[in-house]
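Structure, as structure tokens:
2 protein chains.
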Amino acid sequence: MSITVVGSVAFDSIETPAGKRDRCLGGAATYFSLAASYFTDVRVIAVVGEDFGRRQQAVFDARNIDTRGIEHTAGKSFFWEGSYLENLNEAKTHNTELNVFAAFEPKIPDAYRDSEYLFLANIDPVLQRRVRDAMPDVKLVAGDTMNYWIKGHKAALLEVLKGLDILLINDTETRMLAGNNNLVQAARAVLQLGPTALVVKHGEYGATAFFSSQSFAPEKEKTEFPFRAPALPLEEVVDPTGAGDSFAGGFFGYLASQPALTPRIFRHAMFYGSVMGSFACERFGTERLQELSRKEIDERFVLFRELTHLD
Amino acid sequence: MSITVVGSVAFDSIETPAGKRDRCLGGAATYFSLAASYFTDVRVIAVVGEDFGRRQQAVFDARNIDTRGIEHTAGKSFFWEGSYLENLNEAKTHNTELNVFAAFEPKIPDAYRDSEYLFLANIDPVLQRRVRDAMPDVKLVAGDTMNYWIKGHKAALLEVLKGLDILLINDTETRMLAGNNNLVQAARAVLQLGPTALVVKHGEYGATAFFSSQSFAPEKEKTEFPFRAPALPLEEVVDPTGAGDSFAGGFFGYLASQPALTPRIFRHAMFYGSVMGSFACERFGTERLQELSRKEIDERFVLFRELTHLD
Numbered sequence: 032m033s034i035t036v037v038g039s040v041a042f043d044s045i046e047t048p049a050g051k052r053d054r055c056l057g058g059a060a061t062y063f064s065l066a067a068s069y070f071t072d073v074r075v076i077a078v079v080g081e082d083f084g085r086r087q088q089a090v091f092d093a094r095n096i097d098t099r100g101i102e103h104t105a106g107k108s109f110f111w112e113g114s115y116l117e118n119l120n121e122a123k124t125h126n127t128e129l130n131v132f133a134a135f136e137p138k139i140p141d142a143y144r145d146s147e148y149l150f151l152a153n154i155d156p157v158l159q160r161r162v163r164d165a166m167p168d169v170k171l172v173a174g175d176t177m178n179y180w181i182k183g184h185k186a187a188l189l190e191v192l193k194g195l196d197i198l199l200i201n202d203t204e205t206r207m208l209a210g211n212n213n214l215v216q217a218a219r220a221v222l223q224l225g226p227t228a229l230v231v232k233h234g235e236y237g238a239t240a241f242f243s244s245q246s247f248a249p250e251k252e253k254t255e256f257p258f259r260a261p262a263l264p265l266e267e268v269v270d271p272t273g274a275g276d277s278f279a280g281g282f283f284g285y286l287a288s289q290p291a292l293t294p295r296i297f298r299h300a301m302f303y304g305s306v307m308g309s310f311a312c313e314r315f316g317t318e319r320l321q322e323l324s325r326k327e328i329d330e331r332f333v334l335f336r337e338l339t340h341l342d
Numbered sequence: 032m033s034i035t036v037v038g039s040v041a042f043d044s045i046e047t048p049a050g051k052r053d054r055c056l057g058g059a060a061t062y063f064s065l066a067a068s069y070f071t072d073v074r075v076i077a078v079v080g081e082d083f084g085r086r087q088q089a090v091f092d093a094r095n096i097d098t099r100g101i102e103h104t105a106g107k108s109f110f111w112e113g114s115y116l117e118n119l120n121e122a123k124t125h126n127t128e129l130n131v132f133a134a135f136e137p138k139i140p141d142a143y144r145d146s147e148y149l150f151l152a153n154i155d156p157v158l159q160r161r162v163r164d165a166m167p168d169v170k171l172v173a174g175d176t177m178n179y180w181i182k183g184h185k186a187a188l189l190e191v192l193k194g195l196d197i198l199l200i201n202d203t204e205t206r207m208l209a210g211n212n213n214l215v216q217a218a219r220a221v222l223q224l225g226p227t228a229l230v231v232k233h234g235e236y237g238a239t240a241f242f243s244s245q246s247f248a249p250e251k252e253k254t255e256f257p258f259r260a261p262a263l264p265l266e267e268v269v270d271p272t273g274a275g276d277s278f279a280g281g282f283f284g285y286l287a288s289q290p291a292l293t294p295r296i297f298r299h300a301m302f303y304g305s306v307m308g309s310f311a312c313e314r315f316g317t318e319r320l321q322e323l324s325r326k327e328i329d330e331r332f333v334l335f336r337e338l339t340h341l342d
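Going down the list, the protein sequences come from chains B and S.
Following the working numbering, the numbering of the first sequence begins with 32 at its first residue and continues without gaps.
Following the working numbering, the numbering of the second sequence begins with 32 at its first residue and continues without gaps.
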């Protein structure tokens, strides 16, 4: 079943201990789409400027990602510049230029309207809400956000959370959103805000899913207890940009590819999220995500199982 | 089979968001012994002062821990005062008084000499080495250390590492010891220094074991790939003091209780370490570790499995 994702398609200039890249293809919707495309059909809603050309389009085309919802306008695409020289776990932002993104008005192609899965990547919650409301019939909605929206646009964000099934954010964002430093208590508070599942991403330590007491899954298996997926200890993290969005893409892409949403499938989706996040870090930008095979993905899934399973 | 542990038996004054305790029983050897005592026989080598009385002795006696190697001398016991008010993951030390520990000369009772397992808790590496050399016939030696010894007493520490089978330290210590910020590369460098297994403790994110290419286990199963045990997301961390030592006690205690050291048993030991670490955090000081049952421990082991296993 297909996923519609709304979010940024951007250019990133990145510096890490492994080197530098100028203006490589980036953006949350890009990473998400590429990661999810190994599992299911993906349709993107975004806006780009005149600097988005054939080379960038080819990246989406090669993965059969539907880009009819990417609007092309006059001006330059969203641009981010950052580095990870001191700490690979946290980007230092040097420059952000919204450019065409400043006036982004998501337009949903008619061809996208039968999507059963919707992912609201990290953008202005007002826009997330608008897209969500315009697609009332989707079966499952997941989303992301960031400290900027939690701090400065909380009212709008709270409206989005009411319409979300699954929220994927990191430790700091979870604590900030709940105003509570204990992760378990913070997770419980966030689950009161709307989502029935909260996936907290821990970077190099993996991710933990928390569930509200109303069972998330159609089958009434025990889901109140959290589930933790590991991250692969990586020999070399070339570039962590987009790892969280790739986690979301692998996670949601796998969910959308399955016939039913059971707790067991949710757990497998967490592992596939970690798998895609680990691949994203191995090269600069989207390089690694562009040229994977499903075989490589499933082999790494097996590694993740060996990494964590007792028997 | 029995474990001999050498380390500190101390008094701690602790403040956390959950409250305060003045001069409760603490010390690495205390936490280690209590945790390991649920799995196997434990014998302690330490030194205490006149402030160590019947109440403290009773804590060891209730768990059948052999304390003939605890030397009683004139003066006061080792004392530590710290708080975790801003960050539950890192203690802020307010005061450390070595007291009788300053002149500690470990003496090994003859009755301890048939111990097959030896744990060198975090003390001066010169003393760790002395105890290790005095027990040449042990079957397996594990140990801990801290940033203080890595920074200021590296030569002595490197001598200890040569005689260790398993080193248990945290992320920061691993990176510091190797002089490398990438955990996988740092782990590989540490494994070059002597140990055949390195267990890196991640606090609330669990622990990862790395193995040297020479198989650690008697059976030649695949052990080069790391193994990650989770920590339990805790609703309330009352006091994290001693969680790492309790992990070590659960881990090594379980190993010592098993007939053979296989990779599978190593993985189970990692889980039991996490189990004991999680219990330690639930109350102040050693309170929780004093009154557990093996049933509670095994039930939590099952929870850890559910927390991480796909099927």
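Note that CB positions come from ideal geometry on N, CA and C, so glycine has one too.
Is residue i helix, strand or coil when you go by DSSP?
{"i": "S/K251", "result": "With a pLDDT of only 46 at S/K251, under the threshold of 50, the placement of this residue in the model should not be trusted; the figure read from the coordinates follows. Three-state DSSP puts S/K251 in coil, outside helix and strand."}
{"i": "S/D72", "result": "coil"}
{"i": "S/S39", "result": "coil"}
{"i": "B/T148", "result": "Looking at the sequence shown, residue 148 of chain B is not Thr but Tyr. B/Y148 falls in the strand class under three-state DSSP."}
{"i": "S/R52", "result": "strand"}
{"i": "B/L171", "result": "strand"}
{"i": "S/L334", "result": "helix"}
{"i": "S/L292", "result": "coil"}
{"i": "B/R314", "result": "coil"}
{"i": "S/N211", "result": "coil"}
{"i": "S/N178", "result": "helix"}
{"i": "S/L189", "result": "helix"}
{"i": "S/K326", "result": "helix"}
{"i": "S/F258", "result": "strand"}
Here's the rule I'm using: 16 or more other beta-carbon atoms within 10 Å means buried, otherwise exposed. How should residue i be labelled?
{"i": "B/E235", "result": "buried"}
{"i": "S/A77", "result": "buried"}
{"i": "S/V90", "result": "buried"}
{"i": "B/P290", "result": "exposed"}
{"i": "B/S277", "result": "buried"}
{"i": "S/G23", "result": "Outside the shown range of chain S, which is 32 to 342, sits residue 23 of chain S, and nothing can be said about it."}
{"i": "S/H125", "result": "exposed"}
{"i": "S/N95", "result": "exposed"}
{"i": "S/Y179", "result": "exposed"}
{"i": "B/K251", "result": "Note that B/K251 scores a pLDDT of 46, beneath 50, so its modelled location is shaky and nothing firm can be said."}
{"i": "B/R259", "result": "buried"}
{"i": "S/D97", "result": "buried"}
{"i": "S/S324", "result": "exposed"}
{"i": "B/P249", "result": "With a pLDDT of 45 at B/P249, under the threshold of 50, the modelled position of this residue cannot be trusted, and the question is left open."}
{"i": "B/P19", "result": "Absent from the model: residue 19 of chain B. The displayed extent of chain B is 32 to 342, so no value can be given."}
Whose C-alpha, out of the options, is nearest the C-alpha of residue i?
{"i": "B/Q223", "options": "B/N211, B/S243, B/D168", "result": "B/S243"}
{"i": "S/P257", "options": "S/A238, S/P271, S/L263, S/R52", "result": "S/A238"}
{"i": "B/F132", "options": "B/E102, B/F310, B/P140, B/L320", "result": "B/E102"}
{"i": "S/E266", "options": "S/R325, S/C312, S/V231", "result": "S/C312"}
{"i": "B/R336", "options": "S/V75, S/H340, S/L320", "result": "S/H340"}
{"i": "S/Y69", "options": "S/L334, S/G280, S/T293", "result": "S/G280"}
{"i": "S/L292", "options": "S/L338, S/A228, S/N130, S/P261", "result": "S/A228"}
{"i": "S/E327", "options": "S/E136, S/F310, S/E121", "result": "S/F310"}
{"i": "S/Q159", "options": "S/H184, S/D141, S/S305, S/G113", "result": "S/H184"}
Could you tell me whether the Cβ of residue i comes closer than 8 angstroms to any Cβ of chain B?
{"i": "S/G213", "result": "Reading off the sequence, residue 213 of chain S comes out as Asn, not Gly. It does; some Cβ of chain B falls within 8 angstroms."}
{"i": "S/P290", "result": "no"}
{"i": "S/L265", "result": "yes"}
{"i": "S/T239", "result": "yes"}
{"i": "S/R298", "result": "yes"}
Should residue i be flagged as near chain S, meaning a C-beta pair shorter than 8 angstroms?
{"i": "B/E250", "result": "Its pLDDT being 46, under 50, B/E250 is placed unreliably by the model, and the measurement read from it follows with that caveat. No - not a single Cβ of chain S is within 8 angstroms of the one on B/E250."}
{"i": "B/T293", "result": "no"}
{"i": "B/H340", "result": "yes"}
{"i": "B/V230", "result": "no"}
{"i": "B/E337", "result": "yes"}
{"i": "B/E327", "result": "no"}
{"i": "B/V268", "result": "yes"}
Inter-stretch contact (C-beta, 8 angstroms, three-pair minimum) for the stretch 107-118 of chain S and the stretch 310-325 of chain B: A contact between stretches requires three or more CB pairs, one per stretch, nearer than 8 angstroms, and the stretch 107-118 of chain S fails this requirement with the stretch 310-325 of chain B.
Is it the case that the stretch 196-212 of chain B contacts the stretch 197-205 of chain S, given that we only count it when at least three CB pairs across the two stretches are under 8 angstroms? Contact fails: fewer than three Cβ-Cβ distances are below 8 angstroms.
Below 8 angstroms, can you find three or more Cβ-Cβ pairs linking the stretch 186-200 of chain B to the stretch 209-216 of chain B? No: fewer than three Cβ pairs fall under 8 angstroms.
Quick check: the stretch 172-184 of chain B against the stretch 151-160 of chain B, are there 3 or more CB pairs under 8 angstroms? Contact annotation: the stretch 172-184 of chain B touches the stretch 151-160 of chain B, with at least three C-beta pairs closer than 8 angstroms.
Evaluate the contact criterion for the stretch 45-61 of chain S versus the stretch 282-300 of chain S: three or more CB pairs, one atom per stretch, below 8 angstroms. The answer is no - the stretch 282-300 of chain S does not touch the stretch 45-61 of chain S, with fewer than three Cβ pairs under 8 angstroms.
Should the stretch 56-73 of chain S be called in touch with the stretch 34-44 of chain S, which here means at least 3 C-beta pairs below 8 angstroms? The stretch 56-73 of chain S is in contact with the stretch 34-44 of chain S.
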